[in-house]
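J.: Sequential numbering of the sequence shown, starting at 0, is according to numbering that gives the first Met the number 0. Think of the CB as a built atom: it goes at the ideal place given N, C-alpha and C, for glycine as much as any other residue.
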Amino acid sequence: MRHAKLVLALWLGIIPLPATAQGVDFCTEAWVVRNMIFDRLGHCFSSAAGQALFDNSDCTGSGPTPPPDLAETVALIRDGETFVGCQINTAQPPSAAMWEVRNRFAQFIDLPAPDHIGGYACWGYRGPAFNLHAGTSPQSPVVGTAQTGQSVVTTYFGSPNGWVFGDIVTGPAGDVVTTGWFTGVDISGANCDQVAG
Numbered sequence: 000m001r002h003a004k005l006v007l008a009l010w011l012g013i014i015p016l017p018a019t020a021q022g023v024d025f026c027t028e029a030w031v032v033r034n035m036i037f038d039r040l041g042h043c044f045s046s047a048a049g050q051a052l053f054d055n056s057d058c059t060g061s062g063p064t065p066p067p068d069l070a071e072t073v074a075l076i077r078d079g080e081t082f083v084g085c086q087i088n089t090a091q092p093p094s095a096a097m098w099e100v101r102n103r104f105a106q107f108i109d110l111p112a113p114d115h116i117g118g119y120a121c122w123g124y125r126g127p128a129f130n131l132h133a134g135t136s137p138q139s140p141v142v143g144t145a146q147t148g149q150s151v152v153t154t155y156f157g158s159p160n161g162w163v164f165g166d167i168v169t170g171p172a173g174d175v176v177t178t179g180w181f182t183g184v185d186i187s188g189a190n191c192d193q194v195a196g
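#1: Is DSSP giving Gly79 helix, strand or coil here?
#2: Determine the closest residue to Ala145 out of Cys58, Asp54, Val168, with distance taken between C-alpha atoms.
#3: Anyone know if the C-beta pair for Asp166 and Val152 falls short of 8 Å?
#4: When the Cα of Ser46 is compared with those of Ala112, Ala195, Ala90, Gly126, which residue comes out closest?
#5: Quick one: is Ala20 buried, meaning 16 or more other Cβ sit within 10 Å of its Cβ, or exposed?
#6: Quick one: give me the first and last residue of the beta strand (DSSP E) that Gln50 is part of.
#7: DSSP on Phe25, reduced to helix/strand/coil?
#8: Could you compute how far the alpha carbon of Val31 sits from the alpha carbon of Gly143?
#9: Check for me: the alpha helix (DSSP H) holding Trp98 runs from which residue to which?
#10: What is the rounded straight-line gap between the Cα of Pro171 and the Cα of Gly148?
#11: What span of residues does the beta strand (DSSP E) with Ile167 cover, start to end?
#12: Mapping the DSSP letters down to three states, classify Ser150 as helix, strand or coil.
#13: Have a look at His42, Pro66, Gln86 and flag the residue whose alpha-carbon is nearest the alpha-carbon of Thr59.
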């Protein structure tokens, strides 16, 4: 598993969570995730950044219409980009951060919508261990396991079917242990040493 330094400035939840746990700004993550969705739908990219990040060899056309579940995710991402006022220069080659986001999410069947407002952290999770998955289905591959005492950070909107995408970390400003989708896990204040967000 890739370990990344979690940079979070939190003081008992008064300071909001950053846009992403990995330290990548919201606009970069949102643009890459949204375009990963379109890449998987067969979109043919014309921009320098899009052509470098995504393989056009199997594309089928421009502007495919996402099915309803993906359309909702795309709409959430676009709303956030509009709210924040994102401007990504796609005429330039992809930045290192763009590659980082693409590589981070490549293993996931279902892609999460980054939350432009903030996030939520359960520091010192007290519940039983639970698995994280590559998708929003219990049949999807397990990509990691969260243990009692670790912390759960999510900076993404949940899926309509109740799944949550998040990072499992060693604690505030700690290392990311694993990342993925989970469901049916109580990360409320009653089940955490502290909560933030």
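T.: Reading off the structure:
#1: Working through the sequence shown from its first residue, we reach residue 79 at position 80. Helix at Gly79.
#2: Sequence index remark: in the sequence shown, residue 145 carries index 146 (1-based). That would be Val168, whose Cα lies nearest to the Cα of Ala145.
#3: For the purposes of this step, residue 166 is taken as the residue at position 167 of the sequence shown. For the purposes of this step, residue 152 is taken as the residue at position 153 of the sequence shown. Result yes, Cβ atoms of Asp166 and Val152 sit closer than 8 Å.
#4: Here residue 46 corresponds to residue number 47 of the sequence shown, with the count starting at 1. Cα-wise, what sits closest to Ser46 is Ala90.
#5: Residue mapping note: residue 20 aligns to position 21 of the sequence shown, counting from 1. Summary for Ala20: the model assigns pLDDT 44, below 50, so the residue's position carries little reliability; its value from the coordinates is reported in the next sentence. It is buried - the Cβ of Ala20 has at least 16 other Cβ atoms within 10 Å.
#6: Taking the first residue of the sequence shown as position 1, residue 50 is located at position 51. Segment 47–52 is the alpha helix (DSSP H) holding Gln50; no beta strand (DSSP E) there.
#7: The residue labelled residue 25 in the question sits at position 26 within the sequence shown. Looking at Phe25 - three-state DSSP - the assignment turns out to be helix.
#8: Within the sequence shown, the letter at position 32 stands for residue 31. Within the sequence shown, the letter at position 144 stands for residue 143. So the alpha carbons of these two residues sit roughly 23 Å apart.
#9: Reading the sequence shown from its first residue, position 99 is the one you call residue 98. Note, Trp98: alpha helix (DSSP H), 95–104.
#10: Looking up residue 171 in the sequence shown gives position 172. Looking up residue 148 in the sequence shown gives position 149. Cα to Cα, the separation comes out at about 12 Å.
#11: As a position in the sequence shown, residue 167 is number 168, starting the count at 1. Per DSSP, Ile167 belongs to the beta strand (DSSP E) from 163–168.
#12: Here residue 150 refers to the residue found at position 151 of the sequence shown. It is a strand residue.
#13: Counting from one through the sequence shown, the residue named residue 59 turns up at place 60. That would be His42, whose Cα lies nearest to the Cα of Thr59.
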